[in-house]
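Step one of this worksheet: look at the structure below.
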Amino acid sequence: GLYGLYEKVKEMPTHEARRALKRNEIMKMDLERSGYEAELEAQILKDVARLKDFQLSR
Numbered sequence: 001g002l003y004g005l006y007e008k009v010k011e012m013p014t015h016e017a018r019r020a021l022k023r024n025e026i027m028k029m030d031l032e033r034s035g036y037e038a039e040l041e042a043q044i045l046k047d048v049a050r051l052k053d054f055q056l057s058r
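In UniProt numbering, the protein residues as written are 1 to 58.
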């Protein structure tokens, strides 16, 4: 789910490092990330539903 997606994209550059890349490199990474999102979509949606209903106990 969400953690699985994080594990797959955590090494991808963000912010300044991403802006320093060439446009075609950014597009390649975006396509790769999009593929991971599609692959994990069902579990991500389950995780989001669980988080939506999550309440901290006091």
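Here a beta-carbon is modelled for each residue, glycine too, at the ideal position from N, C-alpha and C. Because the structure is a prediction, the values reported are computed rather than measured.
query                                                                                                       : result
DSSP-derived helix/strand/coil call for R18                                                                 : helix
Own chain partners of L5 with C-beta closer than 7 Å, once the 5 adjacent residues on each side are dropped : Y36, E37, L40, I44
Cα-Cα separation between M12 and G1, rounded to whole angstroms                                             : 18 Å
CB contact flag (R33, I26, <8 Å)                                                                            : no
Residue range of the alpha helix (DSSP H) that includes residue 63                                          : No answer is possible for residue 63: the residues shown for the chain start at 1 and end at 58.
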